[in-house]
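So the structure is just underneath, and the comments pick up after that.
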DNA sequence: CAGAATCCTATACGATACTG
DNA sequence: CAGTATCGTATAGGATTCTG
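Protein chains in written order, with the working numbering: chain A, -18 to 109; chain B, -18 to 109.
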C-alpha cells in the first residue's frame, strides 16, 4: 500500500521499509546521528534547551555533572548537525546564547515522551 | 491545573513538574536508566527486538558490528531492568530466545518515532 | 564569561580463545 | 549454539590551567 493513499504508516512499518535488511547498518548516516544524540551528554543537553535559550554558564549548571570539555564538544557536534544555534554577542565580558534550531525542536519533541516514561519507570526498574 | 481534570499535560510540562529544579540530576534513577538505554548498543538491541523474538545468533547479526561481549552485557542490563526476557530451551545444542517484556515494548514504541526521524534526517544533517 | 589547550586515566569496548 | 573468560587498547571523558 503506497504512502500516498493518506493511510499513515506506523513507525514500525516505516522503519522496516527504510531498512529492508539490517536496521541501522554499521557506518550509515543514521547510526552516526544516533550516536551523537545518544552520546553521554547528548540527550541531557538537548532537553536542557527545550523551549528556552541558555547561556554557557546556565547550560553548565542545567546539565548537572557535565565538564566544560564535554559541554563544548557536545555543543559543537550539535551545531554542526544543525540542531543547536550559537549566538555570541560582541560584548565584554562575552555573552553567548545557545538555543535549539527548528530541527532541534523536532528532535526534542520526540525525546520528551521518552524522558517522561523514563522518569515514571526508573525507580521501580532499578528496585531489584 | 491538577492532572485529575482530564486535561492532558504536555510532556514538556510534565517534565518540569517531575524535575522542579535541575532535570535528571546526577545519580538519580532516571539518569541510570537513561544511561542504559542510550548506551552504545542499547537502542539498536531494543529495536532489533521490536515485534519479534530473536535467538542469540540472530540478534548478533541483526545488530551489525556488536561484539559478543557487548551483546551479552547489554542483554544482561536490560534483563535486570525488566525490559528483555531470556528464555532458554533445555536442548542440545542450546536454544535461547530473547524478546521484549511489556515494559520493553512501551519503551520501544517511544523509540521508534525517534529512529524514523533520525533515518529521515540523518543524511542532510551530515551533508555539511 | 566563555571557552581552548593540556594532560591524564578509567573503562568501555573489541579480539581472541575457550567451554557446557 | 550460546555464551564466559582473559587480555589488551583506544578513546571518551575528567581535572586543571590558561586566555581573549
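Every residue, glycine too, gets a C-beta built ideally from N, C-alpha and C. As the structure is a computational prediction, the values presented were derived from the model and not from experiment.
Buried or exposed by the 16-neighbour rule on C-beta atoms within 10 Å, applied to residue i
i              : result
residue 12(A)  : buried
residue 14(A)  : buried
residue -12(A) : exposed
residue 85(B)  : buried
residue 71(A)  : exposed
residue 108(A) : exposed
residue 69(B)  : exposed
residue 110(B) : Since the first residue of chain B shown is -18 and the last is 109, residue 110(B) is not available in this structure.
residue 53(B)  : exposed
Cβ-based neighbour list, residue i, same chain, cut-off 8 Å, excluding 5 preceding and 5 following
i             : result
residue 17(A) : 23, 58, 59 and 62
residue 49(A) : 41
residue 0(A)  : 6
residue 30(B) : 40, 65, 79, 80, 81, 85 and 89
residue 96(A) : 24 and 28
residue 75(A) : 69
residue 35(B) : 29, 43, 78, 79 and 80
residue 67(A) : 56, 60, 77, 78 and 79
residue -2(B) : -10
residue 51(A) : 21 and 22
Residue i - DSSP class collapsed to helix/strand/coil
i              : result
residue 67(A)  : strand
residue 77(A)  : strand
residue 35(B)  : strand
residue -9(A)  : coil
residue 119(B) : Residue 119(B) lies beyond the residue range present for chain B, which begins at -18 and ends at 109; the question has no answer from this structure.
residue 30(B)  : coil
residue 107(B) : coil
residue 22(A)  : coil
residue 2(A)   : coil
residue 11(A)  : helix
residue 48(B)  : coil
residue 55(B)  : helix
residue 72(B)  : coil
residue 82(B)  : coil
Closest residue to residue i among the options (Cα-Cα distance)
i              : options                        : result
residue -10(B) : 99(A), 105(A), 1(A) and 93(A)  : 93(A)
residue -8(B)  : 91(B), 9(B), 101(B) and 106(B) : 91(B)
residue 8(B)   : 4(A), 51(A) and 44(A)          : 44(A)
residue 102(A) : 98(B), 38(B), 87(B) and -2(B)  : 87(B)
residue 83(A)  : 51(A), 33(A) and 2(A)          : 33(A)
residue 104(B) : -6(A), -4(A), 10(A) and -3(A)  : 10(A)
Contact set for residue i: own chain, Cβ-Cβ below 6 Å, skip 5 residues either direction
i             : result
residue 47(B) : 22
residue 38(A) : none
residue -5(B) : none
Other residues of its chain near residue i: CB distance less than 7 Å, five sequence neighbours each side excluded
i             : result
residue 55(B) : 20, 22, 23 and 26
- For the segment 2 to 29 of chain A, which residues have a beta carbon sitting closer than 7 Å to at least one beta carbon of chain B? 3, 4, 5, 6, 7, 10, 11, 13, 14, 15, 19, 24, 25, 28 and 29
- Message: By the 9 Å beta-carbon criterion, what residues does the segment 60 to 72 of chain B contribute toward chain A?
- Response: 61, 62, 63 and 64
- Query: In the segment 76 to 101 of chain A, which residues sit with their C-beta less than 9 Å from some C-beta in chain B, listed in chain order?
  - Reply: 84, 87, 88, 89, 90, 91, 92, 93, 94, 95, 96, 97, 98, 99, 100 and 101
- Task: Below 7 Å between beta carbons is the criterion; list the residues of the segment 34 to 52 of chain B that meet it against any residue of chain A, in chain order.
- Result: 43, 45 and 46
- Task: Could you name the residues of the segment -13 to 2 of chain B whose beta carbon sits closer than 7 Å to any beta carbon of chain A, in the order they occur along the chain?
- Result: -8, -7, -5, -4 and -1
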